[in-house]
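So the structure is just underneath, and the comments pick up after that.
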Amino acid sequence: MKKKKKCILLGDVFGILGVFLIFVIPFIFMIANSLKERREANLLSIEFPEMPMFSNYLEVFKANNYILITAFKNSALVTAGSVFLMILTCSMAGHVLSRRKDRLTGCINMVVLSGLMVPPAIMPTIWLMQGLHIYKTMHGMILIEVALQIPFTILLYRGFMATIPVEMEEAGYMDGCSRLKMFSRIVFPLLKPVTATVIILNAVTVFNDFTNPLYFLPGTKNATVQLTLYNFMGQYSSSYNLLFADVIIITVPMLILFIIFNKKIVDGMVAGAVKG
Amino acid sequence: MDKKKMYSNWFLVPALTLFTIFFILPMIISFFFSMTVWNFTDFKFVGFDNFKLFFSENSLNIGIKNTLLYAVLTCGLKVVLALLIAVFLTSGIKSKNILRSVVFFPNLVSTIAIGVTFKALMHPSKGLINKVLEFVGIPGADWLGNTKLALFSIIGTDVWKGVSIATVIYIAGIQSIDRVYYEAASIDGANGWKRFWNVTIPLCRPAMNSVILLAFIGGLRSFDLIWAMTGGGPGFATDVMASIVYKQYAAGFYGLSTAGNVIMFLLIAVLAFPLQKYLLSREVD
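Protein chains in written order, with our numbering: chain A, 1 to 276; chain B, 277 to 561.
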């Protein structure tokens, strides 16, 4: 028994050491360089500076006429708008898809599942959005994000619906409750745990999305946070201190989210992946 | 109870409308426009010329090769490394919760931010990775500037970021294994290695299948990490299908770009769907 305990202790030590080397050092590197003076930061070493320069952060916010503030506003708007629409549309669809098993729902399930694998067709989407006059607009971007997250979100809702007993709905139906009321008063409140998962996971995905804004929301007026970081990469190739200050500013919201919702995020990702 | 009456089709309409307009419809249209020269207002039908160009031009067909290499390698590395990490983290060590969190966090950081950081860490003369290698006496390399090495450097970064999601899926799978199997194996005299090989691996097969599919499809579709770290360069050494689609779009060749998109569909249809079928069929026995 004593040998086993020693073994576990050794595992702890090696585990912490390995994880620190591989997973923590890149983050320390980001923080250290975001606090340096320009010339020092361009040496790209990992030492912390003697005098941390918090003014780098202010400078990043001021850059390009406060573009970062605009970008945060845009990203927040796209994230909030699309997550709201996802909850609305997918909770309803998941509800029916989980309860009814006939040929139509079987077909829809298959189409939705293949949507998890297949990448979007980009050029025709742009062409279609131009036709609808929503290309390069915030609401156009929101609709795209919703459409692309629908398969994953329906999957989460459908999976959770299966754990809710059907008797309550049947009782409601017999008492003459309308279908919309039945959903909004009885079912939706019961979906609260999975709705929380949907909010967190999709908010992270949409906020971190780089590819879709790159295609569907070009132009400086509409910059999102990820696009701004990408543009800074070109602009600040010789001022790593500002570049890393921007990286930290973008990473901190995720860190806060992760510290608060750690378990929910991990469990939600596992549930989404295993059922897909 | 009449299910059709109780659960209205109307509930499906909002989600399906959005999904059809912005996903299914463009996909169907793309098959047509992949055979045209197109500038969004006019098009000229050219048959399979775009596809012929894709397979004959070296700067384009390297994308197919790289995409496959990228998908297979990231998938393989994640499947193996994540299993080892998951077994280690479920072995009863005390720091497992904090370690799991630390390993998981990169998954939430924006891909562009990770690209920026690793590009700096892999800097040929000043980068931390080369400095550490120099310190232990191994000559460093030009990780992202060497055409033979660049794709593998990005693959390494991708694994660093994505290994965590595979790990948590494995952990969920391993934790759902009944302890009884391990006890029975121990009584029969199986050592740790045998228990891992004959109990853990077969019983977490569903988790492994999810990891394989998820990582493989993610690899086939990858774009942003590559775009942030090398932009497809040096030359075309790290171009994958998704980055070629973007490059052709930026250059104004919309028809050619759409053809690239269609090739991506076909790759997934030919590889990912059969893979899923095969994995699911093995799960049943």
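Built from N, CA and C at the ideal position, the CB exists for glycine as well.
Closer than 8 Å, CB to CB, is Asp500 (chain B) near chain A or not? yes
Straight-line Cα distance separating Thr312 (chain B) from Val322 (chain B): 5 Å
For Ala535 (chain B), tell me which candidate among B:Ala362, B:Thr293, B:Met303, B:Phe512 has the shortest Cα-Cα distance. B:Met303
Are there three or more Cβ pairs, one per stretch, closer than 8 Å when the segment 38–51 of chain A is compared with the segment 252–267 of chain A? no
Report the three-state DSSP secondary structure of Lys320 (chain B) (helix, strand or coil). strand
The beta strand (DSSP E) enclosing Val313 (chain B), as first and last residue numbers: 312–314
Per the contact definition of three or more C-beta pairs closer than 8 Å, is the segment 377–384 of chain B in contact with the segment 493–506 of chain B? no
Inspect the CB distances between the segment 220–231 of chain A and the segment 291–298 of chain B and report whether three or more fall short of 8 Å. no
Check the Cβ of Asn262 (chain A) against every Cβ in chain B and list those closer than 7 Å, keeping chain order. Ser377
Three-state secondary structure (DSSP) at Ser462 (chain B)? helix
Using DSSP with H/G/I as helix, E/B as strand and the rest coil, what is Cys480 (chain B)? coil
Taking only the alpha-carbon atoms, compute the straight-line gap between Ile142 (chain A) and Lys181 (chain A) and give it to the nearest angstrom. 27 Å
Pull out every residue of the segment 439–462 of chain B whose Cβ sits closer than 7 Å to any Cβ of chain A, in chain order. Ile441, Val444, Ile445, Ala448
Rank A:Met123, A:Val83, A:Glu37, A:Val13 by C-alpha distance to the C-alpha of His139 (chain A) and give the top, closest one. A:Val83
Would Asn373 (chain B) be called buried (16 or more neighbouring beta carbons within 10 Å of its own) or exposed? exposed
Whose C-alpha, out of B:Gln552, B:Phe411, B:Lys341, is nearest the C-alpha of Ile539 (chain B)? B:Lys341
Strictly below 8 Å CB to CB, what residues from chain B border Arg38 (chain A)? The contacting residues do not exist; Arg38 (chain A) stays about 14 Å from chain B at best.
Chain B contact residues for His95 (chain A), given Cβ-Cβ distances below 8 Å: Tyr283, Phe287
At the level of alpha carbons, what is the spacing between Thr70 (chain A) and Trp419 (chain B)? 35 Å
Could you say which of A:Leu243, A:Gly81, A:Ala271 lies nearest to Leu44 (chain A) if we only look at CA atoms? A:Leu243
Rounded to a whole number of angstroms, what is the C-alpha to C-alpha distance between Ala389 (chain B) and Leu116 (chain A)? 25 Å
Minimum Cβ-Cβ distance from Met233 (chain A) to chain B less than 8 Å: yes
Within the chosen definition, does the segment 495–514 of chain B reach the segment 543–553 of chain B through at least 3 CB pairs nearer than 8 Å? yes
Check the C-beta distance from Ile453 (chain B) over to Leu479 (chain B) and give it rounded, since I have them as a contact under 8 Å. 5 Å
Count the other CB atoms, across all protein chains shown, that sit within 10 Å of the CB of Ile28 (chain A); report buried if there are 16 or more and exposed otherwise. exposed
Short CB-CB distance (under 8 Å) between Asn337 (chain B) and chain A: no
For a quick check, are the C-beta atoms of Gly272 (chain A) and Leu156 (chain A) less than 8 Å apart? yes
Selected residue, minimal CA-CA separation from Phe331 (chain B), among B:Leu360, B:Ser557, B:Ala527, B:Met517: B:Met517
Would you list, in chain order, the members of the segment 349–370 of chain B that have their beta-carbon closer than 7 Å to a beta-carbon of chain A? Phe364, Ser367, Gly368, Ile369, Lys370
Can you tell me whether Glu50 (chain A) is helix, strand or coil according to DSSP? coil
Is the CB of Asn537 (chain B) under 8 Å away from at least one CB in chain A? yes
Return helix, strand or coil for Thr224 (chain A), following the three-state DSSP convention. coil
Ile431 (chain B) at chain A interface by Cβ criterion, 8 Å: no
Work out the CA separation of Gly432 (chain B) and Thr423 (chain B) for me, nearest whole Å. 15 Å
Taking Cβ-Cβ distances shorter than 7 Å, what residues in chain B pair up with Asn189 (chain A)? Inspection of the sequence shows that residue 189 (chain A) is occupied by Pro rather than by Asn. Result: empty, since nearest Cβ-Cβ is about 17 Å, beyond 7 Å.
Which of the three DSSP states is assigned to Gly508 (chain B) in this structure? coil
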